[in-house]
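Per full-length UniProt numbering, residue 1 is the first one in the sequence shown, and the count goes up by one each step. Below is one structure, written out as structure tokens; comments come after it.
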Amino acid sequence: MAGKLRIAVLMGGKSPEHEISLISGRQVVSNLNPQKYDVIPIVISRDGRSLRLNNKKYSLSQLSIINCQLFFIAMHGPYGEDGTVQGFLELVGVLYTGSGVLASALSMDKISSRKLFTQAGLNVPKYQVVEKGKRTRKVRFGWPVFVKPYNQGSSVGASIVKSSRELNKALKHAWRYSRLALIEEYLKGVEITCPILGNKNPRTLPLVEIVPKKPFFDFEAKYSERLCDEIVPARIGKVLTRDAQDAAVVAYQTLGCRGFARVDMIIKDSKVYVLEVNTIPGLTPVSLFPKSAQATGISYQKLLDQIISLGLQKENP
């Protein structure tokens, strides 16, 4: 296209990660090259009913008439990362960054995605599902366990549970965010994540090793440099690095992801276990994806260029 591209950056939204989304979105806005792009920052309200553009409030339905070549989605969690906003943008026929409706929905759904990972030959932690309101003190594996909502990101609503006495309290906490709670075996090993860029032929960026200074890499630790160490590249050796990168690509392609994503994994006893795929990983100053890209010489600005380029190449569903 001749001239500058008009890029609308979507942030905020109806999600527990509203504030983090604003940080990601503002970081994107401030780092898009002004010589290449005319940037339109758009903040979606907390109730998901309106948007703010140029300090004016509009109905959310007016999103469809904003004149731009591409929407850059920087909305984390439900209604931003689960296929909802992607479906709206598909309906009005505009391009956007990242994965499509189905891949986004599957990635957010930890139950469906794990079933697909297993069918693809990937290792996943043992787990069981408890519907909202159904009490249980039994788990099919030993203590401790993780309890988490089945459809949230950034460890929202997640807890470590060390005994049956704590289980129902943790389930109630998870049910605040979703109707299904996941009880997952606690795998004590090396936590890693693998950023991926690409559509049909995705490529992996360096693995990041996560060393939390708290019992697990929770929401607070993800967005505070003081609460975890992040080591690039991960200290796991060549063979496990290749195994983890291969597993990440299989997970990415199994769900049909496009553009970019981050695959969270854990290594225990020289086996790679896939935990989840984040289709809109954090883009804050302390986020893992930009740190991995930087390790290969890809600046934050160049990373945004690549994400936009992949969005413009995206095929219609």
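All residues carry an ideal CB built from backbone N, CA and C; glycine is no exception.
Note to self: Distance check for Asn199 and Arg258, CA to CA, integer angstroms please.
What the structure shows: 5 Å
Checklist line | Enclosing alpha helix (DSSP H) for Glu90 [first to last residue] | finding: Residues 84 to 92.
Check: Taking C-alpha atoms, which residue in Ala248, Thr296, Phe260, Asp269 lies nearest to Leu275?
Finding: Ala248
Next item on the list: Rank Tyr273, Gly12, Val94 by C-alpha distance to the C-alpha of Arg114 and give the top, closest one.
Entry: Tyr273
Notebook entry, point to check: Is the distance from the Cβ of Ile7 to the Cβ of Val39 below 7 Å?
Noted result: yes
Notebook entry, point to check: In chain order, which alpha helix (DSSP H) runs of at least 4 residues are fully inside the segment 290 to 317?
Noted result: 300 to 313
Notebook entry, point to check: Would you call the CB atoms of Gly77 and Pro16 closer than 7 Å?
Noted result: yes
Check: How about Lys110 and Leu182: do their beta carbons lie closer than 7 Å?
Finding: yes
Check: Where does residue 328 land, buried or exposed, given buried means 16+ other C-beta within 10 angstroms?
Finding: In the structure displayed, the chain extends from 1 to 317; residue 328 sits before or after that span and is not available.
Check: Buried or exposed: residue 322, going by 16 or more other Cβ atoms within 10 Å of its Cβ?
Finding: The chain is shown only over 1 to 317; residue 322 falls outside these bounds and no answer can be derived.
Item checked: Spatially closest choice to Val139 from Met11, Ser164, Ser112, by CA coordinates -> Ser164
Item checked: Option in Arg46, Phe260, Ile192, Thr254 with minimal Cα separation from Pro233 -> Nearest of Arg46, Phe260, Ile192, Thr254 to Pro233, Cα basis: Ile192.
Margin query: So for Phe117, helix, strand or coil by DSSP?
Written below: The DSSP-derived three-state label of Phe117 is helix.
Item checked: Cβ pair Phe71, Leu10 closer than 7 Å -> yes
Notebook entry, point to check: Gly93: buried (16+ other C-beta within 10 angstroms of its C-beta) or exposed?
Noted result: exposed
Next item on the list: Pick helix, strand or coil for Ala74, following the three-state DSSP scheme.
Entry: coil
Next item on the list: Pick out whichever of Val85, Thr279, Ile236, Leu167 has its Cα sitting closest to the Cα of Thr136.
Entry: Leu167
Check: Relative to the C-alpha of Leu281, which residue among His18, Tyr127, Ser24, Arg49 is closest?
Finding: Going by the sequence as given, residue 281 is Pro instead of Leu. Among His18, Tyr127, Ser24, Arg49, the Cα nearest to that of Pro281 belongs to Ser24.
Notebook entry, point to check: In the DSSP assignment, what residue or residues form a beta bridge with Met11?
Noted result: Val43
Next item on the list: Leaving aside the five residues before and after Arg235 along the sequence, list all residues of the same chain whose C-beta is less than 7 Å from its C-beta, in chain order.
Entry: Glu209
Notebook entry, point to check: Given that a residue counts as buried once 16 or more other Cβ atoms are within 10 Å of its Cβ, and exposed if not, what is Lys132?
Noted result: Exposed, since its Cβ has fewer than 16 Cβ neighbours within 10 Å.
Margin query: By DSSP's criteria, Pro149 is part of a beta bridge. Which residues make up the other side?
Written below: Ala181
Next item on the list: Would you kindly check if the distance between the Cβ of Thr279 and the Cβ of Ser155 is under 7 Å?
Entry: no
Notebook entry, point to check: Is it true that the CB of Ser159 sits closer than 7 Å to the CB of Val145?
Noted result: no
Check: Arg179: buried (16+ other C-beta within 10 angstroms of its C-beta) or exposed?
Finding: exposed
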